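Visitor: Note that this note's numbering has the first sequence beginning at 59, numbered continuously upward.
Glycine included, each C-beta is placed from N, C-alpha and C at the ideal position.
The structure presented is a predicted model; accordingly, all values stated were derived computationally and were not measured.
Handing you this structure, nothing more for now.
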Amino acid sequence: MRTADLTGLPTGIPEALHDEGIEELYPPQAEAVEAGLTDGESLVAAVPTASGKTLVAELAMLSSVARGVPEPRSDGSGELPSGSTGGKALYIVPLRALASEKKAEFERWEEYGIDVGVSTGNYESSGEWLSSRDIIVATSEKVDSLVRNNAAWLEQLTCVVSDEVHLVDDRHRGPTLEVTLAKLRRLNPDLQVVALSATVGNAGEVADWLDAELVHSDWRPIDLKMGVHYGNAISFDDGSQREVPVGRGERQAPALVADALDGDDDDDQGSSLVFVNSRRNAESAARRMADVTEQYITGDERGELAQLAAEIRDVSDTETSEDLAKAVAKGAAFHHAGLASEHRTLVEDAFRDRLIKCICATPTLAAGVNTPSRRVIIRDWQRYDGDYGGMKPLDVLEVHQMMGRAGRPGLDPYGEAVLLANDADTRDELFERYIWAEAEDVRSKLAAEPALRTHLLATVASGFAHTREGLLEFLDQTLYATQTDDPERLGRVTDRVLDYLEVNGFIEFEGERIQATPVGHTVSRLYLDPMSAAEIIDGLEWGAKHRSEKLRALAGETPEKPKQRTDADADDAPGGFQRASEMVSTGDGGGSDDGADDSGSGDGADNGTDDEFETDQTYPTPLGLYHLVCRTPDMYQLYLKSGDRETYTELCYEREPEFLGRVPTEYEDVAFEDWLSALKTAKLLEDWVGEVDEDRITERYGVGPGDIRGKVDTAEWLLGAAERLASELDLDSVYAVREAKKRVEYGVREELLNLAGVRGVGRKRARRLFEAGVETRSDLREADKSRILAALRGRRKTAENILEAAGRKDPSMDDIDESDAPEDAVPDDSGFETAKERADQQASLGDFE
DNA sequence: TTTAAGTCCCTATAGACAGCATGTC
DNA sequence: CTATAGGGACTTAAA
Numbered sequence: 059m060r061t062a063d064l065t066g067l068p069t070g071i072p073e074a075l076h077d078e079g080i081e082e083l084y085p086p087q088a089e090a091v092e093a094g095l096t097d098g099e100s101l102v103a104a105v106p107t108a109s110g111k112t113l114v115a116e117l118a119m120l121s122s123v124a125r126g127v128p129e130p131r132s133d134g135s136g137e138l139p140s141g142s143t144g145g146k147a148l149y150i151v152p153l154r155a156l157a158s159e160k161k162a163e164f165e166r167w168e169e170y171g172i173d174v175g176v177s178t179g180n181y182e183s184s185g186e187w188l189s190s191r192d193i194i195v196a197t198s199e200k201v202d203s204l205v206r207n208n209a210a211w212l213e214q215l216t217c218v219v220s221d222e223v224h225l226v227d228d229r230h231r232g233p234t235l236e237v238t239l240a241k242l243r244r245l246n247p248d249l250q251v252v253a254l255s256a257t258v259g260n261a262g263e264v265a266d267w268l269d270a271e272l273v274h275s276d277w278r279p280i281d282l283k284m285g286v287h288y289g290n291a292i293s294f295d296d297g298s299q300r301e302v303p304v305g306r307g308e309r310q311a312p313a314l315v316a317d318a319l320d321g322d323d324d325d326d327q328g329s330s331l332v333f334v335n336s337r338r339n340a341e342s343a344a345r346r347m348a349d350v351t352e353q354y355i356t357g358d359e360r361g362e363l364a365q366l367a368a369e370i371r372d373v374s375d376t377e378t379s380e381d382l383a384k385a386v387a388k389g390a391a392f393h394h395a396g397l398a399s400e401h402r403t404l405v406e407d408a409f410r411d412r413l414i415k416c417i418c419a420t421p422t423l424a425a426g427v428n429t430p431s432r433r434v435i436i437r438d439w440q441r442y443d444g445d446y447g448g449m450k451p452l453d454v455l456e457v458h459q460m461m462g463r464a465g466r467p468g469l470d471p472y473g474e475a476v477l478l479a480n481d482a483d484t485r486d487e488l489f490e491r492y493i494w495a496e497a498e499d500v501r502s503k504l505a506a507e508p509a510l511r512t513h514l515l516a517t518v519a520s521g522f523a524h525t526r527e528g529l530l531e532f533l534d535q536t537l538y539a540t541q542t543d544d545p546e547r548l549g550r551v552t553d554r555v556l557d558y559l560e561v562n563g564f565i566e567f568e569g570e571r572i573q574a575t576p577v578g579h580t581v582s583r584l585y586l587d588p589m590s591a592a593e594i595i596d597g598l599e600w601g602a603k604h605r606s607e608k609l610r611a612l613a614g615e616t617p618e619k620p621k622q623r624t625d626a627d628a629d630d631a632p633g634g635f636q637r638a639s640e641m642v643s644t645g646d647g648g649g650s651d652d653g654a655d656d657s658g659s660g661d662g663a664d665n666g667t668d669d670e671f672e673t674d675q676t677y678p679t680p681l682g683l684y685h686l687v688c689r690t691p692d693m694y695q696l697y698l699k700s701g702d703r704e705t706y707t708e709l710c711y712e713r714e715p716e717f718l719g720r721v722p723t724e725y726e727d728v729a730f731e732d733w734l735s736a737l738k739t740a741k742l743l744e745d746w747v748g749e750v751d752e753d754r755i756t757e758r759y760g761v762g763p764g765d766i767r768g769k770v771d772t773a774e775w776l777l778g779a780a781e782r783l784a785s786e787l788d789l790d791s792v793y794a795v796r797e798a799k800k801r802v803e804y805g806v807r808e809e810l811l812n813l814a815g816v817r818g819v820g821r822k823r824a825r826r827l828f829e830a831g832v833e834t835r836s837d838l839r840e841a842d843k844s845r846i847l848a849a850l851r852g853r854r855k856t857a858e859n860i861l862e863a864a865g866r867k868d869p870s871m872d873d874i875d876e877s878d879a880p881e882d883a884v885p886d887d888s889g890f891e892t893a894k895e896r897a898d899q900q901a902s903l904g905d906f907e
């Protein structure tokens, strides 16, 4: 089918497609159009990655927008209806990163009158603004949240596209997608649903659920050769072989990477994507691959790579960042969730630009933004799984997704996906298990209690159902209902969940009728797991009840303090817990650890947390609040590594009065373990708000810079929710919660809160200003300009922006000389650095001891 | 003597959505 | 209840 023959699209679109070089539809796309895609027909397209799914979505959305709400145009003229009579399309993505990718893609239709908007947790276009958009891109959670908050424009939707719909199989996030689709269809029964799926076993079942036509195809625009490397050759699925000798002592993966770079017969340099099963493996593999790729980079590339490496170092001053930069300088990289998102983007972009020749990645990359590669090497096909209790083979679907990354459009004649085997038996098994195998069926995970807890409350709160029967009737529209062979099960779980929700005061019964309580409504709108909300409420109320007793306990600890502070000015570890961890793992150099943060001020009066107990008697304490939100199911906790158990057990006893709730006894094994991992996570947050350096935090907790951001974001969100709950329940901890939240938001100690709220001032600048004697917002307005300029290291423009943001009348820094600043205003930079060096040196000395 | 290869033991284990109100160094 | 790769420390074999 030719694009020129397409009907029902807005004026100019077929021509535009033609100009883009799309003259002929791919077979699956043509099939979709024949199935009625552009006439508003619902459709499930189960096709491989990179086989033109996006165009299928675009055709559906554009034609739906053109067709409009009232009546389908029969003339097929495609004249775009003016203004609000046009249809409205929603594109649901599984990841935030994909939302911006898709938005950028769809924006090329703007010149044809199609407005595109995005809505994710990060990047929110206000609800009103969205209602004027023709195409809206959002994550499934955001859509769910919009439904809960009754976003008016949802009712105007004429078309919904669900990308990667096979993710309804996901234990954690699948139910949200499933329920959201069911709700959208219920809001608008005529809704066109276009579901894009990987090739899965039961695509037909998914189509039945959505009352949709099915297009199922293995066709792909670039051929994919799948094979297994064993010995000195790859055996491909088409029967062909490729010699790739592996020298003695050499490993398979580097040999394959080198082989791809050697190319076939031209000077074509093939990039490789190596999938491994852990972050550490990704990093060490990248280190090895860098020695391979280094031999293939040209002089020009060397310079560009050096620059890229510098950009990477700029993102974050951590070991991860440094290791990545080192690999990148040689043309290789690693990629995993511990990276800062800027890191990821830099690596992905450079790989697409063919600057980076090889990425060693955890499975993140397979699900993320589009990063095609000449060769995909799946080094590890098993992964540790705690629930399973050992190494578990990857799902076929997952492996297929990875393999689908092979083949760069326009660059490669075909893509190659290679699994690695050490022996003939494994080779045969890999062929059986992954290459010849069809992907697993998609199975709904909706009947799991945690999923229903959230969604039943939301369903009641947003008025989709008012009785148990109503709920079951609603649930009957989900994929789960079409799949289950035990129809009773849903009813049983529903009853248990309703019971839970009632006991915790989120819903109440009036005879048959179920209603959400005011708190229940809030919880639903805040997008909290009801269990998290219950934990938070319990914790805050428990704290209110035990307040005076705990305050006394906290005060009772003071006698020991002065002594500890003199021999160790560790700002963040009241008590000697850090000492225990030194010996076990971190090798941190004694008390001068973090000395860098203190050295500037000298007077020690800013030693946040512990002083509070003595002077302000703040309760609940920040640590108590962080621990509270860290133990909710909405927070992903840090692992306890070896040695951590004793470290945090000790800390747990020291900080016992701060916890908001009863500490489980050590005999309650699982509960105690959870309590400790929550404590570890809370401690990370306490370090963060204690202004501990990023690299020190990553070192101490064994996390990457991206993990810190993630924990901080989540904590901020949960503390925001806690604040709302506290104010709604009229608890006087609201203020403490708000402050703890603000400190997490800015990553600063209490005394910097006032400064850090100013636009342009973050944790670092705030500290510099404070040390220079500029301690508050009003100081910014009144203090001597030379003093401020000196504190900001002479950055005039920055200083002006900051002063303006602080509301100073005359922010101009012209004619101001930083050297005019009084002696005490100049940040003691050398001291700053030497203190840090000293700390680092001692840390490395510690490693030898 | 130097270097490569082999062995033993220990350790650690993927990912990332959401409220609200505005902006890091 | 389930496994395995990597790295360091060390030993052994070859040059």
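Identify whether residue 421 lies in helix, strand or coil by the three-state DSSP scheme.
Guide: coil
Visitor: Does the Cβ of residue 73 have 16 or more other Cβ atoms within 10 Å, making it buried, or fewer, making it exposed?
Guide: Counting other Cβ atoms within 10 Å of its Cβ, residue 73 stays below 16 and is therefore classed as exposed.
Visitor: When we look at the beta-carbon of residue 365 and count the other beta-carbons within 10 Å, is it buried (16 or more) or exposed?
Guide: exposed
Visitor: Tell me whether the beta-carbon of residue 807 lies closer than 8 Å to the beta-carbon of residue 830.
Guide: No.
Visitor: Would you say the region 404–421 touches the region 187–195, given that touching needs at least three Cβ pairs under 8 Å?
Guide: no
Visitor: State the DSSP-derived secondary structure class of residue 573, mapped to helix, strand or coil.
Guide: strand
Visitor: Excluding the five sequence neighbours on either side, which residues of its own chain have a C-beta within less than 6 Å of the C-beta of residue 110, listed in chain order?
Guide: Counting only Cβ-Cβ distances below 6 Å, and skipping sequence neighbours, we find 84, 87.
Visitor: Quick check for students: name the residue ranges of the beta strand (DSSP E) that lie wholly in the region 180–235, counting only runs of 3 or more.
Guide: 193–197, 217–220
Visitor: Between residue 537 and residue 236, how many whole angstroms is the CB-CB distance? I'm expecting something under 8 Å.
Guide: 5 Å
Visitor: Tell me the rounded alpha-carbon separation between residue 358 and residue 413.
Guide: Taking the straight line from one Cα to the other gives about 10 Å.
Visitor: Is it true that the CB of residue 396 sits closer than 8 Å to the CB of residue 762?
Guide: For residue 762 and residue 396, yes; Cβs fall inside 8 Å.
Visitor: With 16 as the cutoff for other CB atoms within 10 Å, does residue 849 come out buried or exposed?
Guide: Residue environment for residue 849: buried (at least 16 other C-beta atoms within 10 angstroms of its C-beta).
Visitor: Classify residue 283: buried if its beta carbon has 16 or more other beta carbons within 10 angstroms, exposed otherwise.
Guide: buried
Visitor: Assuming residue 203 and residue 150 are in contact, meaning their beta carbons sit under 8 Å apart, how far apart are those beta carbons, in whole angstroms?
Guide: About 12 Å separates the two Cβ atoms, so there is no contact after all.
Visitor: Going by beta carbon distance, what residues of the same chain come within less than 8 Å of residue 216, once the five residues before and after it are set aside?
Guide: Hits under 8 Å: 98, 122, 123, 125, 126, 127, 145, 146, 147, 246, 248, 249, 250.
Visitor: How is residue 100 classed by DSSP in three states: helix, strand or coil?
Guide: coil
Visitor: May I ask you to report which of helix, strand or coil DSSP gives residue 449?
Guide: Look at residue 449 here: in three-state DSSP terms it is strand.
Visitor: Does the contact criterion of 3 or more C-beta pairs under 8 Å hold for the region 558–565 versus the region 525–539?
Guide: no
Visitor: By DSSP's criteria, residue 390 is part of a beta bridge. Which residues make up the other side?
Guide: 416
Visitor: Return the first residue and the last residue of the alpha helix (DSSP H) that residue 284 is part of.
Guide: Residue 284 -> not in any alpha helix (DSSP H); beta strand (DSSP E) instead, spanning 281–288.
Visitor: Are the CB atoms of residue 391 and residue 382 nearer to each other than 8 Å?
Guide: yes
Visitor: Throw me the rounded Cβ distance for the residue 782 and residue 580 pair, which I believe falls under 8 Å.
Guide: 6 Å
Visitor: CB-CB under 6 Å to residue 198, same chain, minus the five flanking residues each way: which ones, in chain order?
Guide: Excluding positions up to five away in sequence, the list reads 150, 234, 235, 238.
Visitor: If we ignore side chains and look at the alpha-carbon of each, how far apart do residue 571 and residue 549 end up?
Guide: So the two alpha carbons sit approximately 16 Å from each other.
Visitor: Note down the Cα distance separating residue 874 from residue 385, rounded to an integer number of angstroms.
Guide: 43 Å
Visitor: Please list the terminal residues of the continuous alpha helix (DSSP H) segment that includes residue 256.
Guide: Premise fails: residue 256 is in no alpha helix (DSSP H) and is neither H nor E.
Visitor: Go ahead and label residue 200 buried or exposed: buried means 16 or more other beta carbons lie within 10 angstroms of its beta carbon, across all protein chains shown.
Guide: buried
Visitor: Within its chain, find whatever has a CB closer than 8 Å to the CB of residue 493; leave out the 5 residues flanking it on each side and keep chain order.
Guide: For residue 493, same chain residues with a beta-carbon under 8 Å away, outside a window of 5 residues either side, are 284, 285, 286, 295, 477 in chain order.
Visitor: Which residues in the same chain as residue 727 place their Cβ atom closer than 6 Å to its Cβ, once the five residues preceding and following it in sequence are excluded?
Guide: none
Visitor: Across which residues does DSSP place residue 148 in a beta bridge pair?
Guide: DSSP lists 194, 218 as partners of residue 148.
Visitor: Quick one, which of 749, 725, 590 has its alpha-carbon nearest residue 691's?
Guide: When only C-alpha atoms are compared, the closest one is 590.
Visitor: If distances are taken between C-alpha atoms only, which option among 376, 865, 314 comes closest to residue 350?
Guide: Comparing Cα positions, the closest option is 314.
Visitor: With the cut-off set at 8 Å, would you say residue 376 and residue 756 are in Cβ contact?
Guide: yes
Visitor: In whole angstroms, what is the alpha-carbon distance linking residue 733 and residue 689?
Guide: If you take the alpha carbons of residue 733 and residue 689, they lie about 7 Å apart.
Visitor: Measure the C-alpha to C-alpha separation of residue 788 and residue 343 and round it to an integer number of angstroms.
Guide: 54 Å
Visitor: Can you name, in chain order, every residue of its own chain whose Cβ lies under 7 Å from the Cβ of residue 760, other than the five neighbours on each side?
Guide: 699
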